[in-house]
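Undergrad: One structure, as structure tokens, below. Some questions next.
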Amino acid sequence: MSNQTINVQKELLRQPSTIALVGNPNTGKSTIFNALTGLRQKIANYPGITVERKMGTTIINGVLHKIIDLPGAYSLNHKKADERISYETLIGSYDHEEKPDLLLMVVDASNLERNLFLASQVMDLQIPMLMVLTMSDIADERGIRIQSQQLSNVWGVPVISINARSKQCDVQIKQALVEQGVATPKPFQWNPSKPLRQAVERLDKEWLSEHTQLPERARPIEALRLLAEGSLEDSFYQYSEEGKAKKLIEELQNTLEAQGENPTAAEVVQRYRFIGDSSEGSVTKEQRDEQTWTDRLDNVLTHRVAGPVIFVLVLLVMFQSIFSWATPFMDMIDMLFIEFGAFVGSSLPAGLLNSLLVDGIIAGLGGVVIFLPQIIFLFLFIYFLEGTGYMARAAFVMDGFMTKVGLHGRSVVPLMSGFACAIPGIMATRTIENWRDRLITIMILPFMACSARLPVYAVMIAAFVPDKRVIGFLTLQGLVFFGLYLFGIVMAVGSAAVMKRIFPTGKPTPFLMELPPYKWPNVSSVVIQSLERGKIFVTEAGKIIVAISIILWVLASFPTYEPTASDLADMDANGQTSEQMISTLQLNQSYAGTFGQWIEPAIEPLGFDWKIGIGLLTSFAAREVMVGTLNTIYSIEETEEQLGLIERLRSETDPETGLPKYTLATALSLMIFFAIAMQCMSTLAIVKRETNSWKWPLVMFGYMTVLAYFSAWITYEWANTFLLG
Amino acid sequence: MLLSDARVQQKYEVKQIQGEELVRIMEMGLTPGSVCEVIRRAPMGYPIEIKIRGYLLSLRKKETDAVEVSPI
């Protein structure tokens, strides 16, 4: 641990280079990334997996550099996909990421020991780095003083201390990179015991060097991992002579054990021992008995009774605000696209191209942009609360309840956002670390009754559920409405329980959740990240949504309908405006109309006819489109929309029996169908993006449709027998 | 005794970690000989929040069952 000369390099930054940010979660790493790159970011999934690649650029002294924000990790001992990517990127063996030229090793000063654990592993890889200490104000509050110079001497790399929440943290880092430069750390700075060092050297020399393609500097780390694991399982590199390796690892483990070391624990124990010993010279800690801000807040926010109550209140405020802030923007977007469509429609000659532009493309784009206010507002809240440290507390408080139904403490916020719209909710599941918990949350989230179901419920309830008072102020209509929400929740909980049993467990990842100290988040970082989420939705899910809207437009517009003279005479005789009637006839004889006729036998047991069948197809664009489609089918004038439709549905009679076509049973069946069917292309598009595969959206569509079909069938039969029979 | 049976506001010395996930748990700082304090339990009894190496960590029952401790 003697002082050493640090081999500082400054010339690296004279040419364009790739800089990777490495560190534990909750260290302010993302804040630094956002400060360095601003909106010059590109976020996309790595191919084949659901881990996000965060890349951006920054200019230092007139030279443009690439910045990669590697997924936060506690250890290089990779068990999960994101940790493996960090590791493979660092050793330069990951095909889909560039090998970093230098590192910013982000270390939380208020939590030095655990952060230095990862840092000591990364240093073994001998990549030039600058160590960046963050959260020094929180360390101060706790009486922790760190001598940066001492720390730099111990580890052999330059160390700077910054405040990640200050506006100039990017300036501080750039300045340090230019003035202090970076240094290549020496391996085994943590002074492993002789037996452990010998075991690593033998495994390297006798097997790794010949049988793997790992770069030389990565072999000691790999050897340590293999010694701790005691097996070759999950080795991702090419290797040969597996039997020889197994025997060697076993032999080395036995040797270590004979020399009084626990082979599985040796590396971790010795790293922590060195960190503890070495910090005696560089860290001073005043004993303070007074409670910190975090302790005081936690006494209330994670209290057994107050904790859950406060969380529910936070959710309530959050969703009420999102609702009231997003609605005006959504109305504005809606109006803008309608106006724009009308403008384009009237300035171009009427015809197919006109209709494609207005009803296909512009309507499709409008259907994408309309989600942005909700997505951005939800993420402003989520990133803000995450930045304060509260989200981890919410997960801690709710975890006990959620594990009872097979979910995770972090599932609550995404599921609740599902009541507004499934799309931001599904995007928000990214906070759930465990892939299986995250997948189950995504798969059940659309059961939460989103706001697009409201118009369908409203029309059906108003038309067919008697407006009777039940008890006190409760009406039958209100109860049915409430029942539909409850039904969604019950289906979600039930499906989660089933999926918990049937989904492959894979390697269980332990639940070890850090509760970071409370702090005021960096507001510009919160804003940048929320805008980036909106960008991801538009660019990645948006493509799919527009494509499907065009397909739906084709289905409703072809084959084209030309009214004959006798048709026009009929319309006149019936007193209907011809424009209204032409669109009705157009829809009825289009592919969508044919589809409705075609599936009629299949949906008859649910009480649906071919007209509702058309609606089931068109409402795939968005659930509320069902109402618009029924308006078109029944040629309802725009001026009398809802009331007109309600009257029309009530008076529709079956031509054979002369009895009403739609009854309370049909309405209940249709509402139950809408409560659980996957009638939303935008949700499927975002599930594709978030799971990075078509498999899960297809599974979701399949199981929800089957479930919806049978539930609606049972409802129809039950209602016919017990309510109307 | 196991960390699962530990009392709130009491300090413990970590004796041993068992089970498949012992490396994961130790990497978070719960190495034999380290001292942790049980801060609180969540509303349903689990997770348990502890203070270890100056930071706050929460663990579910499966993880606390793997940690053997003795009171200080």
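Same order as they appear, the protein sequences are chains E and R. Residue 704 in my numbering sits at position 704 of the first sequence; the count goes up by one each step and never skips. Heads up, my numbering is the position in the second sequence plus 1000, with the first residue counted as 1. Glycine included, every Cβ here is placed at the ideal spot set by N, Cα and C.
#1: Output needed for residue 618 of chain E: all residues of its chain with C-beta closer than 7 Å, excluding positions within five of it in sequence on either side, in chain order.
#2: Taking buried to mean at least 16 other C-beta atoms within 10 Å of its own C-beta, is residue 480 of chain E buried or exposed?
#3: Count the other CB atoms within 10 Å of the CB of residue 2 of chain E; is the residue buried (16 or more) or exposed (fewer)?
#4: Let me see if you follow: with CB-CB separation under 7 Å, is residue 111 of chain E close to chain R or not?
#5: Please classify residue 601 of chain E: is it buried, with 16 or more other beta-carbons within 10 angstroms of its beta-carbon, or exposed?
#6: Are there 16 or more other CB atoms within 10 angstroms of the CB of residue 254 of chain E, so buried, or fewer, so exposed?
#7: Could you please tell me which residues of the segment 53-86 of chain E, in chain order, have their CB closer than 9 Å to any CB of chain R?
#8: Have a look at residue 633 of chain E and residue 650 of chain E and give me their C-alpha separation to the nearest angstrom.
#9: Against residue 313 of chain E, what residues of chain R qualify as contacts under a CB-to-CB distance less than 8 Å, listed in chain order?
#10: Report yes or no: is there a C-beta of chain R within less than 7 Å of the C-beta of residue 397 of chain E?
#11: Residues in its own chain within less than 6 Å of residue 275 of chain E by CB, not counting five upstream and five downstream?
#12: Indicate whether residue 1015 of chain R and residue 1070 of chain R have their beta-carbon atoms separated by less than 7 Å.
#13: Is it buried or exposed for residue 15 of chain E, if we count other Cβ within 10 angstroms and need 16 for buried?
#14: In chain C, which residues lie less than 8 Å from residue 179 of chain E when you measure between Cβ atoms?
#15: What residues in its chain sit with their C-beta under 6 Å from that of residue 6 of chain E, if we drop five residues either side in the sequence?
#16: Anything in chain E within Cβ reach of residue 1028 of chain R, meaning under 7 Å, just list it in chain order.
#17: Between residue 122 of chain E and residue 81 of chain E, is the Cβ-Cβ spacing less than 7 Å?
#18: Are the segment 1037-1046 of chain R and the segment 697-716 of chain E in contact at 8 Å, needing three or more beta carbon pairs?
#19: Counting along the chain, where does the beta strand (DSSP E) carrying residue 309 of chain E start and finish?
#20: Quick one: what's residue 376 of chain E bridged to in DSSP?
#21: In whole angstroms, what is the alpha-carbon distance linking residue 418 of chain E and residue 646 of chain E?
#22: So which residues on chain R does residue 400 of chain E lean against when the C-beta distance must stay under 8 Å?
#23: Please compile the residues from chain R whose C-beta is within a distance smaller than 7 Å of the C-beta of residue 304 of chain E.
#24: State yes or no: is the C-beta of residue 256 of chain E within less than 7 Å of the C-beta of residue 215 of chain E?
#25: Which residues of the segment 256-286 of chain E have a Cβ closer than 7 Å to any Cβ of chain R? Give them in chain order.
#26: Would residue 1014 of chain R count as contacting chain E if we go by Cβ distances under 7 Å?
#27: Please list the segments of the alpha helix (DSSP H) lying wholly inside the segment 1037-1072 of chain R, counting only runs of 4 or more residues, in order along the chain.
#28: For the alpha helix (DSSP H) containing residue 172 of chain E, list its first residue and its last residue.
#29: Mind checking whether residue 176 of chain E and residue 103 of chain E have CB atoms under 7 Å apart?
#30: Please classify residue 413 of chain E as buried or exposed, where buried requires at least 16 other C-beta atoms within 10 Å of its C-beta.
#31: Between residue 1038 of chain R and chain E, is the shortest Cβ-Cβ distance under 7 Å, so that the two count as touching?
#32: Measuring only the C-alpha atoms, how far is residue 129 of chain E from residue 179 of chain E?
#33: Just to confirm, is the Cβ distance from residue 73 of chain E to residue 109 of chain E under 7 Å?
#34: Could you tell me whether the Cβ atoms of residue 333 of chain E and residue 376 of chain E are closer together than 7 Å?
#35: Between the segment 524-537 of chain E and the segment 340-359 of chain E, do at least 3 Cβ pairs fall closer than 8 Å?
#36: Residue 317 of chain E: buried (16+ other C-beta within 10 angstroms of its C-beta) or exposed?
TA: With the structure as the only source:
#1: Result list for residue 618 of chain E: 552, 556, 592, 625 and 629, in chain order.
#2: That one is buried.
#3: Below a pLDDT of 50, predicted positions are generally treated as unreliable, and residue 2 of chain E, at 43, falls in that range; the measurement from the model is reported next regardless. Counting the other CB atoms within 10 Å of its CB gives residue 2 of chain E a total below 16, which places it among the exposed residues.
#4: Judged by the 7 Å Cβ criterion, residue 111 of chain E is in contact with chain R.
#5: Counting the other CB atoms within 10 Å of its CB gives residue 601 of chain E a total below 16, which places it among the exposed residues.
#6: With fewer than 16 other CB atoms across the displayed protein chains lying within 10 angstroms of its CB, residue 254 of chain E is exposed.
#7: Only 74, 75, 77 and 79 from the segment 53-86 of chain E bring a Cβ to less than 9 Å from some Cβ of chain R.
#8: If I take the Cα positions, the gap works out to 15 Å.
#9: Against residue 313 of chain E, chain R offers no close residue; the least beta-carbon distance is about 15 Å (beta-carbon pairs closer than 8 Å).
#10: For residue 397 of chain E, at least one C-beta of chain R is nearer than 7 Å to its own C-beta.
#11: Result list for residue 275 of chain E: 113 and 116, in chain order.
#12: For the pair residue 1015 of chain R and residue 1070 of chain R, the CB atoms are nearer than the 7 Å cut-off.
#13: Per the 10 Å Cβ criterion, exposed.
#14: Structure shown: chain C not included; protein chains present are E and R.
#15: These residues qualify, in order along the chain: 156 and 183.
#16: Simply 74, 114 and 512.
#17: Their beta carbons are not under 7 Å apart, which means residue 122 of chain E does not touch residue 81 of chain E by this criterion.
#18: Under the Cβ criterion (8 Å, minimum of three pairs), the segment 1037-1046 of chain R does not count as touching the segment 697-716 of chain E.
#19: It is not in any beta strand (DSSP E) - residue 309 of chain E instead sits in the alpha helix (DSSP H) that spans 306-347.
#20: In the DSSP assignment, residue 376 of chain E forms no beta bridge with any residue.
#21: Whole-angstrom Cα-Cα distance: 28 Å.
#22: Result: 1042, 1043, 1044, 1045, 1046 and 1047.
#23: For residue 304 of chain E, the chain R residues whose C-beta falls within less than 7 Å of its own C-beta are 1043, listed in chain order.
#24: Not a contact, by the Cβ cut-off of 7 Å.
#25: Listed in sequence order: 264, 265, 268, 269 and 272.
#26: Chain E, which has no Cβ nearer than 7 Å to the Cβ of residue 1014 of chain R, makes this no.
#27: Taken in chain order, the whole alpha helix (DSSP H) runs of length 4 or more contained in the segment 1037-1072 of chain R are 1061-1064.
#28: Looking at the DSSP string, the run of the alpha helix (DSSP H) that includes residue 172 of chain E is 169-179.
#29: Their beta carbons are not under 7 Å apart, which means residue 176 of chain E does not touch residue 103 of chain E by this criterion.
#30: By the Cβ neighbour-count rule, residue 413 of chain E is buried, with 16 or more other Cβ atoms within 10 Å of its own.
#31: For residue 1038 of chain R, the answer is no, since every Cβ of chain E falls outside 7 Å of its Cβ.
#32: Residue 129 of chain E and residue 179 of chain E: Cα-Cα distance of roughly 14 Å.
#33: No, Cβ-Cβ distance for residue 73 of chain E and residue 109 of chain E is not below 7 Å.
#34: Against a cut-off of 7 Å, the Cβ pair of residue 376 of chain E and residue 333 of chain E comes out as no contact.
#35: No, the segment 524-537 of chain E is not in contact with the segment 340-359 of chain E.
#36: With fewer than 16 Cβ atoms within 10 Å of its Cβ, residue 317 of chain E is classed as exposed.
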